[in-house]
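Quick note: the sequence shown, position 474, residue 552 per the working numbering, numbers continuous. Below: one structure, written as C-alpha cells.
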Amino acid sequence: MRLDKLLGRLDYEVVQGSDKTEITTLANDSRKIQAGSVFVCISGAVSDGHKYAHDVCEKGAAAVIVEKDVEVPEPVTVIKVSDTRYALALMSAAYFGYPAEKLKVIGITGTKGKTTTTYMIRSILEGVGHKVGLIGTIEAVIGDKTIPAANTTPESFTIHQYFAEMVEAGCDSVVMEVSSQGLMLHRTAGIMFEIGIFTNLGKDHIGPNEHKDFDDYKRCKAILFKQCKLGIANIDDKYFGDIFRDATCRTETFGFSEKAALRAENVELVSRPGYLGVAYHVSGLMDFDVEIDIPGMFSVYNSLTAIAVCRHFGVPAEKIKEALKKAKVKGRIEMIKVSDDFTLMIDYAHNAMSLDSLLTTLKEYHPNRLVCLFGCGGNRSKDRRYEMGEVSGRLADLTIITSDNPRFEEPQDIINDIKAGIGRTDGNYVEICDRKEAIKYAIKNGQPGDVIVLAGKGHEDYQEIRGVKHPMDERVLIAEVLKELKEGK
Numbered sequence: 079m080r081l082d083k084l085l086g087r088l089d090y091e092v093v094q095g096s097d098k099t100e101i102t103t104l105a106n107d108s109r110k111i112q113a114g115s116v117f118v119c120i121s122g123a124v125s126d127g128h129k130y131a132h133d134v135c136e137k138g139a140a141a142v143i144v145e146k147d148v149e150v151p152e153p154v155t156v157i158k159v160s161d162t163r164y165a166l167a168l169m170s171a172a173y174f175g176y177p178a179e180k181l182k183v184i185g186i187t188g189t190k191g192k193t194t195t196t197y198m199i200r201s202i203l204e205g206v207g208h209k210v211g212l213i214g215t216i217e218a219v220i221g222d223k224t225i226p227a228a229n230t231t232p233e234s235f236t237i238h239q240y241f242a243e244m245v246e247a248g249c250d251s252v253v254m255e256v257s258s259q260g261l262m263l264h265r266t267a268g269i270m271f272e273i274g275i276f277t278n279l280g281k282d283h284i285g286p287n288e289h290k291d292f293d294d295y296k297r298c299k300a301i302l303f304k305q306c307k308l309g310i311a312n313i314d315d316k317y318f319g320d321i322f323r324d325a326t327c328r329t330e331t332f333g334f335s336e337k338a339a340l341r342a343e344n345v346e347l348v349s350r351p352g353y354l355g356v357a358y359h360v361s362g363l364m365d366f367d368v369e370i371d372i373p374g375m376f377s378v379y380n381s382l383t384a385i386a387v388c389r390h391f392g393v394p395a396e397k398i399k400e401a402l403k404k405a406k407v408k409g410r411i412e413m414i415k416v417s418d419d420f421t422l423m424i425d426y427a428h429n430a431m432s433l434d435s436l437l438t439t440l441k442e443y444h445p446n447r448l449v450c451l452f453g454c455g456g457n458r459s460k461d462r463r464y465e466m467g468e469v470s471g472r473l474a475d476l477t478i479i480t481s482d483n484p485r486f487e488e489p490q491d492i493i494n495d496i497k498a499g500i501g502r503t504d505g506n507y508v509e510i511c512d513r514k515e516a517i518k519y520a521i522k523n524g525q526p527g528d529v530i531v532l533a534g535k536g537h538e539d540y541q542e543i544r545g546v547k548h549p550m551d552e553r554v555l556i557a558e559v560l561k562e563l564k565e566g567k
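As C-alpha cells, then:
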C-alpha cells in the first residue's frame, strides 16, 4: 500500500522522503510496529508519541506522521500534519478501505441514555431483518462476536477495524455511542453519519483528564451534528438550541413538547408484583401505543429515540412494539430477583444527573422505602461525590455508602467526600466500605415494598484498585450473599 493513498483526504507536508513510500501497516502504538509500518505520533495526555519516533524507525518503520519536529534517519519518510489525531482517523478509514461508506452509521451522543438506546435500536432493526453492528460502553458486537469495551468510543483505528469486520460479517448498519471525549479527540473524524442523535446534556465529564469546562463539553457534543445527514434531537432538553445552533444537518425532534415531531403522550406508570414498567402513546410522525419493561420517564425518552430512528428504516409499528418489549441491557435498571417482598436492581448511574433521574423515577412508583447503595470512582472530580451524596441524601430513604473503583485513592477518603454531600441534606445513611458486605446489608434488611438500587457499577465486572482490575461482578456478589444468608452466615 502506498502512503499517499492513506493521506488522500488530508492536507500534509512532506518533510523528508517521499509520500510514494510503500508501507505495510498503520500504527499509533510503538509496540505494534513492523518492518515497513507508518507510525502516527499522537500527543497524548499520558505520553507523547513523538518521543518514540526514533525508536520506531529502529524497529523498521518506513514513515512517521508528525505534528512536531522530529529527527529520524534519512531513509525514513516524515509527513507533517496540523493534527495527528485527525490524521489517524482519516488514514484509518483509508487503510481499511473506507468501510463506514458501506454501512448506515447511526451515532448517539448525550450525557445519559446512549447505551440503552443503542440496544433498543439494534433490537428493532434486527427484528425486521437488518444485520446491525454495535459499538458502545459495554461492548462491540460484530455478528456473533462480542468484544468488551475499553472506551465508550474506541480509538479511530479500532472503529474502522470494527467497521471493516462488520462489512465482512454482512452488516448493513451500525449503531454506536459517540462520547464527547471521542469527538474531542477526533476518534470519529471523517465519518459521515447517516443519523446523529442528541439525547440530553448534563454537567458530567468535566475535570483535569476530561473537559476543561461545561462549554467545552457542549462544544464537543455539537461536533456530531456537523458530520451527519440527519440530526434527531430531544427538543425538551434545555441545551437543544446550543447543540444545534451551528448544525449543518437536517433536524428532526422528539419529546413531550407539542413542538416535537414525534411525541409521547398519555404516559402511565405500570406496577405489578416484581415488575415496573411504563406505557404511553406515540403521536405525530407515528401513531401507536407502546409498553416498555423498564420503568420511568427516561425509558420513554430512550424508546422514543429508538422509534424516531427506526421510522427512517421503514419499520412497522407492530415490529417496533415487539422489539421494545424484548430489549434489555446489562446493568441498566437490571432487575435481579432476590425476594418476593422487595425489588432489587443494578444500574450504571454514576453521576448526579443520572442518579437524580433514576431515583426520582423510582419514587414515582411509591415504594415503601427507596434504598440507594453507591460509591464513587477515585481520581475523578470531587464535585461528583458531593453532588451524588446530596442527590441520594435528598431522594433516598436510606443511602448505603460503599466503595466503587477507588483507583489510586483511599476508599475511606472517597466515602468521606460522599458523606459531606449527604450532610447537606437530612438523609439517613450507613457506611460499609466493602461492597459485598454493603450488598449483604441491603438484602438482609430489605422490607416489604422496598426498591433497592445498587448504583454505579452496572455492567462492570471488576473493581479497580491501585492500577489493578480485580474481578467483581455484582450479580456474582448477590448470588454469594443469598447463599450465605440461606446458610445463616
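From the three backbone atoms N, C-alpha and C, an ideal C-beta is built for every residue, glycine too. It should be emphasised that the depicted structure is a prediction, and the values quoted were computed from it without experimental measurement.
Beta-carbon contacts of residue i that lie in its chain and below 6 Å, excluding the five residues immediately before and after
| i | result |
| --- | --- |
| residue 294 | none |
| residue 428 | 534 |
| residue 264 | 163, 164, 167 |
| residue 103 | 112, 115 |
| residue 418 | none |
| residue 511 | 481, 489 |
| residue 435 | 376 |
| residue 139 | 111, 115, 117 |
| residue 513 | 480, 481 |
| residue 382 | 332, 342 |
| residue 401 | 201, 202, 205 |
Anticipated Cβ contact below 8 Å, residue i with residue j, distance rounded
| i | j | result |
| --- | --- | --- |
| residue 129 | residue 431 | In fact, because the Cβ distance is near 38 Å, the residues do not count as touching under 8 Å. |
| residue 221 | residue 247 | 4 Å |
| residue 354 | residue 443 | 6 Å |
| residue 252 | residue 262 | Actually they do not touch by this definition, with Cβ atoms about 21 Å apart. |
| residue 371 | residue 531 | That belief does not hold up - the Cβ atoms of residue 371 and residue 531 are roughly 17 Å apart, past 8 Å. |
| residue 422 | residue 473 | Contact flag wrong, Cβ pair sits at about 17 Å. |
| residue 254 | residue 307 | The Cβ separation is near 15 Å, so there is no contact. |
| residue 318 | residue 311 | 6 Å |
| residue 309 | residue 323 | Residue 309 to residue 323, Cβ: 12 Å. No contact. |
Which of helix, strand or coil DSSP assigns to residue i
| i | result |
| --- | --- |
| residue 262 | helix |
| residue 33 | Residue 33 cannot be examined here, being either before or after the span of the chain that is shown, 79 to 567. |
| residue 334 | coil |
| residue 106 | coil |
| residue 376 | helix |
| residue 408 | coil |
| residue 467 | helix |
| residue 478 | strand |
| residue 447 | coil |
| residue 566 | coil |
| residue 149 | coil |
| residue 218 | strand |
| residue 391 | helix |
| residue 80 | strand |
| residue 370 | strand |
| residue 486 | coil |
| residue 176 | coil |
Contact set for residue i: own chain, Cβ-Cβ below 8 Å, skip 5 residues either direction
| i | result |
| --- | --- |
| residue 471 | 477, 499, 500, 501, 502, 503, 504, 505, 507 |
| residue 338 | 313, 314, 331, 332, 362 |
| residue 144 | 93, 119, 128, 131, 156, 157, 158, 159, 162 |
| residue 239 | 170, 174 |
| residue 133 | 108 |
Opposing strand residues paired with residue i [DSSP bridges]
| i | result |
| --- | --- |
| residue 540 | 549 |
| residue 423 | 413, 531 |
| residue 355 | 348 |
| residue 438 | Note: residue 438 sits in no beta bridge, so no partner. |
| residue 158 | 91, 144 |
| residue 306 | 271 |
| residue 252 | 183, 211 |
| residue 201 | Its beta-bridge partners do not exist; DSSP assigns none. |
| residue 121 | 126 |
| residue 227 | Paired residues: none, contrary to the question. |
| residue 328 | 308 |
| residue 342 | 360 |
Cut-off 7 Å between Cβ atoms - residues of its own chain near residue i, not counting five sequence neighbours on either side
| i | result |
| --- | --- |
| residue 204 | 210 |
| residue 460 | 495 |
| residue 551 | 539 |
| residue 570 | The structure shown does not extend to residue 570, since the chain is modelled only from 79 to 567, so the question has no answer here. |
| residue 226 | 217 |
| residue 487 | 456, 457 |
| residue 344 | 358, 359 |
Min CB distance residue i to chain B below 8 Å
| i | result |
| --- | --- |
| residue 263 | Considering every chain present, this structure includes no chain B. It has just one protein chain. |
Distance cut-off 7 Å: residue i Cβ against heavy atoms of the ligand FAD
| i | result |
| --- | --- |
| residue 383 | The ligand FAD is not part of this structure, which contains no ligands at all. |
Review point. Can you find at least 3 beta carbon pairs, one from the segment 401-409 and one from the segment 193-201, that sit closer than 8 Å?
Key: yes
Check your understanding: Does the segment 295-308 touch the segment 269-282, meaning 3 or more C-beta pairs lie closer than 8 Å?
Key -> yes
Check your understanding: Is there contact between the segment 211-219 and the segment 113-121, where contact requires at least three CB pairs shorter than 8 Å?
Key -> no
Exercise for review: Examine the Cβ distances between the segment 159-174 and the segment 233-248 and report whether three or more of them are shorter than 8 Å.
Suggested key: yes
Review point. Touch check for the segment 519-531 and the segment 375-395: three-plus C-beta pairs under 8 Å?
Key: no
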